[in-house]
Structures are given as structure tokens and as C-alpha cells.
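For the sequence shown, numbering that gives the first Met the number 0 puts the final residue at 159, and the numbers step up evenly by one.
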Amino acid sequence: MSTTAITTLSWSPELALNDARTDATHEEFIELLNTTAAADAAEQLPHYQALVAHTVEHFAQEERWMRACGIPEDFCHFGQHSSVLEVMKEVERRALAGETEHIAAMLEALVEWFPQHAQSMDAGLVSYLQEKGFDTSNETFKDGSPRVATADAALPGCGH
């Protein structure tokens with residue numbers, strides 16, 4: 000089996016979105032990804048499983064926020080989360096069946112995907128939430144009343 004080093008990510012100002020909860024979640028994602036990448040191939044699976052569990056909650060958190068603002072579930076951000084999780088879970092399933100070599104490829108794909116996702120879709124989401132007065136720290140609207148998306152609203156990310 001190859002011992003090629005897996006590329007890792009570093010937290011940087013370019014990834015910061017100026018929302019404490021989002022930034023903390025993203026920093027944790029990077030930390031778990033890097034911990035998995037640093038582990039010997041034979042020891043990666045439990046670390047990868049922790050990364051998958053984190054990502055499930057990470058995406059669920061963002062999706063709660065989108066729903067709270069009335070963003071429809073067919074919006075592309077939901078779809079991207081679904082696609083990424085589907086592949087991550089398939090890699091986990093295969094690794095549990097002994098095909099652990101797929102973990103390294105998944106980590107490389109996440110290293111390539113995550114910065115772009117954070118800087119586009121998540122940055123747009125954070126901006127939109129702030130515009131709507133949604134406080135991610137307690138998942139409520141600052142004035143108590145939701146200001147939901149309208150059918151013609153320009154939603155964050157996805158080329159809008």
C-alpha cells in the first residue's frame with residue numbers, strides 16, 4: 000500500500016466567514032480531516048468515522064439555518080451537502096468492509112472541495128443569515144420574527 004502523504008488544509012483568514020459558530024464548525028472539520036490524514040492507513044478508519052459524524056452534524060446545522068429562513072430544500076446548497084455525504088458514507092461503508100484505500104482519495108477530494116464550498120456557498124449563506132437577522136449562536140432571529148426567503152429572492156451561493 001502506498002504511503003504517499005495526503006494533502007491537508009490549514010485554517011486561514013480566507014476561510015473565516017466572520018460568524019463564530021460557522022468558523023468554529025469549519026475549524027473542527029479541518030482539524031478532523033487533518034487528524035485523519037495524519038493517521039497511518041491502518042488507523043485511519045476511526046478518525047474518518049469521526050469526520051463523517053462531524054460532517055453529518057455540520058451539514059444538518061447549516062440546513063436547519065436555511066430552513067429557518069425559508070430556503071427551499073431544492074436549493075443547490077442542500078444538494079451539494081447530500082452529494083458529499085453520500086460519497087463520504089459510501090467510503091465509510093467500503094472501509095468497514097476492508098477497502099480502506101478509498102479514505103485517502105476521499106480526503107484529497109475534501110481538501111480540494113472544502114475551501115471553494117466555504118468561500119462561496121457558506122459565505123453566501125452567512126451573509127444571507129446576517130441580512131435576515133438570524134443568530135447562529137442560538138438559532139433564533141434577533142427580533143424574534145423570521146424573515147423568510149421569498150420566491151424571487153436571490154439566494155446565497157449557486158451562482159446567484
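Ideal placement from N, C-alpha and C gives every residue a C-beta, glycine not left out. Computed from a predicted model, the values in this text were never measured in an experiment.
Using only CA atoms, which one of the options lies nearest to residue i?
| i | options | result |
| --- | --- | --- |
| E85 | L8, E42, H25 and V51 | V51 |
| S126 | K88, M65, A37 and V90 | M65 |
| E61 | G123, E89 and A96 | G123 |
| H57 | P71, F77 and E130 | F77 |
| S181 | N33, A37 and P114 | Since the displayed the chain opens at 0 and closes at 159, residue 181 lies outside it and no answer follows. |
Just to confirm, are residue i and residue j a CB contact at a threshold of 8 Å?
| i | j | result |
| --- | --- | --- |
| I5 | E98 | no |
| F28 | C68 | no |
| W112 | V90 | no |
| T35 | H46 | yes |
| L31 | A49 | yes |
| D121 | L8 | no |
Can you list, in chain order, the residues of its chain with a C-beta nearer than 7 Å to that of residue i? Leave out the 5 residues immediately preceding and following it.
| i | result |
| --- | --- |
| H161 | It is not possible to answer for residue 161, since the shown part of the chain is limited to 0 through 159. |
| Q20 | One detail in the question is off: residue 20 reads as Arg in this sequence, not Gln. Cβ within range, chain order: T135 and S136. |
| G143 | none |
Closer than 6 Å by C-beta to residue i: which residues in its own chain qualify, once you throw out the five before and the five after it? Chain order, please.
| i | result |
| --- | --- |
| F140 | G132 and F133 |
| S1 | Any answer about S1 is weak, because its pLDDT of 46 lies below 50 and its placement is not dependable; what the coordinates show is given next. Correct list: empty, nothing qualifies. |
Tell me residue i's beta-bridge partners as DSSP assigns them.
| i | result |
| --- | --- |
| T139 | D134 |
Quick one: what's got a C-beta closer than 8 Å to residue i's C-beta in the same chain, skipping five residues either side?
| i | result |
| --- | --- |
| V55 | L84 |
| L128 | D18, W64, C68 and T135 |
| I102 | T35, A40, Q43, L44, Y47, V90 and A94 |
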